[in-house]
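Everything on this sheet refers to the single structure shown next.
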Amino acid sequence: MKKDTQIIHLGRSPHKNFGFVNPPVYHGSTVLFKTLADYEAGERDYYDFEKLPVNEYCSPTYGRYGSPSSIELQKALTVLEGADYSILTSSGVSAFTAALMGLLRAGDHLLMVDSVYGPTRRLCNDELTRFGVEVTYYDPMIGGSIEQLFKPNTRVVYVESPGSLTFEVQDIPAIAKAARARGIAVMADNTWGTFYFSKPYDLGVDVSIHSATKYIAGHSDMVMGLITCRKEYYEPILRCFRHMGACLGANEVYLAQRGLRTMPVRIRQQEKTALELAKWLKTQPEVVKVLHPALPDCPGHEIWKRDFSGSSGLFSILLKPFPNKQLAAMLDGLHHFGMGYSWGGYESLIIPFNPKKIRTATKWEYDGICLRINVGLEDIEDLKQDLADGLKRLRGA
Ligand SMILES: *Cc1c(COP(=O)(O)O)cnc(C)c1O
């Protein structure tokens, strides 16, 4: 099956469900055992991580451990991403938290990309260091030279390609090659590319995490995370995830199943509109630079061409410096672009950001305005007009 057909068929079994096309929602905490022998076997299976064969999951014995529907969805996402295993979690944040805490211990060294998503950085600085993990930030464009930052205790290299504010595309194969030679795990945040446009395991990644809140859900109506990994990393990550108790709710499983079916059409449409808007924005006098991996002046554009098959609907623009009052006039008056966090939904969004205050390994040289744009499913002409009017207000007209 081709990718689009797989996305339609995987993770649901209508004829095990009275012919109903969509999987049932299992609301539940208690799961009953028929006999004492079943009860004892359930306990054993659940904690015997090492006995789990690849692509098999023990059947859930309690609501926190999943449901038949969440296991089906996990299996589907495992295939789509090309991993050995996957774990669904309560949020993107709990996905990277469980993955990092599962693989790191006191005294270990973590290499973290300087362009990483803000809350990942906060986890490192506020929590991981408190538990004795040493964290070094590195330049997203470092490539194979990451080797020079390896220490005897380096355990994980974390990549996020492209960075979800500044869009540097990382040379993951070069990083993975260096890491593999030293037995260091490569963990990737694959939320932007998704399994639709990127194949992290072909690039050498060992663990891939997602905010399923974004393109998989696609409707700004839920929060969910996904961890996928190679076999050898499943046990420590699963254990940590279970101890965190960061499971997801029954309705979220259903909404993610539903979102998944239309993801290809949404993401391709958003990609098309985003690229056209990005090119148009480039021609506007207030715009200094457009940071979009599919445009040649984005750092790592050549790597994007080699490693990705598409570009989703999230990018940033750098504007000339203007007084904050004029920026407020631009943003407050927009009709189609809402100001709010998250992305990947059907509605367009825009937020200002300032990497200067965040970076430590690299210097953000630009002093003007930075805006991140999430392109939704509206008609492009309406979006263009909204931004054109906004830019007019920005220059004080
Ligand atoms: C949103 C986001 C996350 C966190 O996901 P939540 O589902 O909001 O917890 C992680 N990484 C990236 C790149 C994100 O944009």
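Just add 11 to the spot in the sequence shown (first one is 1) and you have the numbering used here.
Beta carbons: idealized from backbone N, C-alpha and C, even for Gly.
Note that the coordinates shown come from a computational prediction; the quantities given were computed from them, not determined experimentally.
How big is the Cα-Cα spacing for residue i and residue j?
i	j	result
Glu392	Pro275	22 Å
Gly236	Asp49	31 Å
Arg404	Ser359	19 Å
Asp318	Trp203	13 Å
Leu388	Leu43	44 Å
Val197	Tyr148	15 Å
Gly356	Arg253	29 Å
Ser97	Lys316	27 Å
Ile369	Glu54	46 Å
Pro211	Val218	9 Å
Lys13	Asn33	21 Å
Lys374	Ser126	11 Å
Pro334	Trp354	27 Å
Gly215	Val234	28 Å
Asn28	Thr131	39 Å
Lys395	Gly349	14 Å
Gly351	Ala52	48 Å
Tyr244	Thr294	47 Å
Arg184	Gly407	With the sequence shown as reference, residue 184 is identified as Pro, and Arg is not the correct amino acid for it. About 46 Å.
Asn66	Leu345	For Asn66, the pLDDT reaches just 47, beneath the cut-off of 50, and the residue's location in the model is therefore unreliable, although a value from the coordinates is still provided. Their backbone Cα atoms lie some 47 Å apart in a straight line.
Lys45	Phe206	40 Å
Asp390	Leu398	13 Å
Cys251	Leu134	15 Å
Ser156	Thr41	51 Å
Ser222	Val170	15 Å
Arg181	Pro71	In the sequence as displayed, the identity of residue 181 is Gln instead of Arg. Near 38 Å, if we compare the C-alpha coordinates of Pro71 and Gln181.
Pro173	Arg75	33 Å
Ala190	Leu338	43 Å
Leu160	Tyr377	26 Å
Gln280	Leu176	21 Å
Ser24	Thr165	43 Å
Gly77	Glu297	50 Å
Phe142	Val299	42 Å
Arg383	His26	44 Å
Thr140	Leu115	11 Å
Pro35	Ala257	22 Å
Leu330	Lys367	15 Å
Given a threshold of 16 other Cβ atoms within 10 Å of its Cβ, counted over all protein chains shown, does residue i qualify as buried or as exposed?
i	result
Ala110	buried
Phe6	Residue coverage of the chain in this structure runs from 12 to 408, which leaves residue 6 outside it and unanswerable.
Val167	buried
Asn201	buried
Thr224	buried
Glu179	buried
Glu313	exposed
Gly324	buried
Glu83	buried
Asn365	exposed
Pro247	buried
Arg193	exposed
Pro332	exposed
Phe31	exposed
Gly113	buried
Leu47	exposed
Ile19	exposed
Pro304	buried
Gly229	buried
Ser320	exposed
Tyr73	exposed
Ala187	buried
Could you check whether residue j and residue i sit closer than 8 Å to each other, using their CB atoms as the reference points?
i	j	result
Cys240	Asp137	no
Val493	Ile328	Absent from the structure is residue 493, since the part of the chain shown begins at 12 and ends at 408.
Ser80	Leu99	no
Ser322	Glu263	no
Gly39	Ala87	no
Leu271	Ile227	yes
Gly93	Asp213	yes
Tyr429	Ala261	One cannot answer for residue 429 here, as it falls past the ends of the chain, which runs 12 to 408.
Met341	Gly401	yes
Ile238	Ile220	yes
Gln17	Val124	no
Leu306	Ala289	yes
Ala372	Asp15	no
State whether the region 93 to 104 contacts the region 115 to 126, with contact taken as three or more CB pairs (one from each stretch) at a distance under 8 Å. Counting Cβ pairs under 8 Å, fewer than three are found: no touch.
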